[in-house]
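Residue numbers (the working numbering): 1056 to 1195.
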């Protein structure tokens, strides 16, 4: 990866949870363990009350497009243990989900941990709302 990657911002809680998951994956020699650990090591930790609303975090909807002309899609970024509605979610333990973690609208990044072409990128279009429990908060 090059130094031009956008910054990744995560809460300490999400960082700790994802580090634990990445270490479990590493013990299983999972191919996404090392890419996830790299992203977590470059992450900027930000308390939930200081985290900007437009940062992609776990349990947040994100509107994105694959920059190779793909359609705009909107899904909730989730930890696989939190799976509730698979058609509307993307797991953080996929190349797409890992790439979206911690980004903001306008950020563009190559798909992390993908075996596809190295120039395949994802671009964040919009972020929100955050999912709270089993409900999505209504914006007023």
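Beta carbons: idealized from backbone N, C-alpha and C, even for Gly.
Three-state secondary structure assigned by DSSP to residue i
{"i": "residue 1143", "result": "helix"}
{"i": "residue 1148", "result": "coil"}
Rounded straight-line distance, which links the Cα of residue j to that of residue i
{"i": "residue 1084", "j": "residue 1078", "result": "10 Å"}
{"i": "residue 1080", "j": "residue 1091", "result": "9 Å"}
{"i": "residue 1139", "j": "residue 1147", "result": "14 Å"}
{"i": "residue 1086", "j": "residue 1102", "result": "30 Å"}
{"i": "residue 1060", "j": "residue 1150", "result": "15 Å"}
{"i": "residue 1191", "j": "residue 1114", "result": "Bear in mind that a pLDDT of 46 at residue 1191, under 50, signals an unreliable position, so the number given afterwards is only what the model happens to contain. Going from the Cα of residue 1191 to the Cα of residue 1114 covers about 10 Å."}
{"i": "residue 1076", "j": "residue 1089", "result": "11 Å"}
{"i": "residue 1125", "j": "residue 1132", "result": "18 Å"}
{"i": "residue 1145", "j": "residue 1136", "result": "12 Å"}
Candidates the options: closest to residue i by CA position
{"i": "residue 1179", "options": "1142, 1067, 1110", "result": "1110"}
{"i": "residue 1174", "options": "1096, 1069, 1076, 1163", "result": "1163"}
{"i": "residue 1104", "options": "1153, 1066, 1176, 1183", "result": "1066"}
{"i": "residue 1158", "options": "1098, 1072, 1088", "result": "1098"}
{"i": "residue 1116", "options": "1106, 1169, 1143, 1093", "result": "1143"}
{"i": "residue 1018", "options": "1136, 1106, 1069, 1155", "result": "This structure gives no information on residue 1018, because the portion of the chain shown stretches from 1056 to 1195."}
{"i": "residue 1108", "options": "1070, 1168, 1160", "result": "1160"}
Proximity below 8 Å, CB of residue i to CB of residue j
{"i": "residue 1064", "j": "residue 1095", "result": "no"}
{"i": "residue 1196", "j": "residue 1177", "result": "This structure cannot speak to residue 1196, because the chain is shown only from 1056 to 1195."}
Task: Sequence ranges, beta strand (DSSP E) only - wholly within the stretch 1154 to 1186, length at least 3 - done: Segments of the beta strand (DSSP E) lying fully in the stretch 1154 to 1186: 1163 to 1165, 1176 to 1185.
TODO: May I have a chain-ordered list of the beta strand (DSSP E) segments no shorter than 3 residues that lie completely inside the stretch 1059 to 1137?
DONE: As far as the stretch 1059 to 1137 is concerned, its whole beta strand (DSSP E) runs of at least 3 residues are 1115 to 1121, 1127 to 1133.
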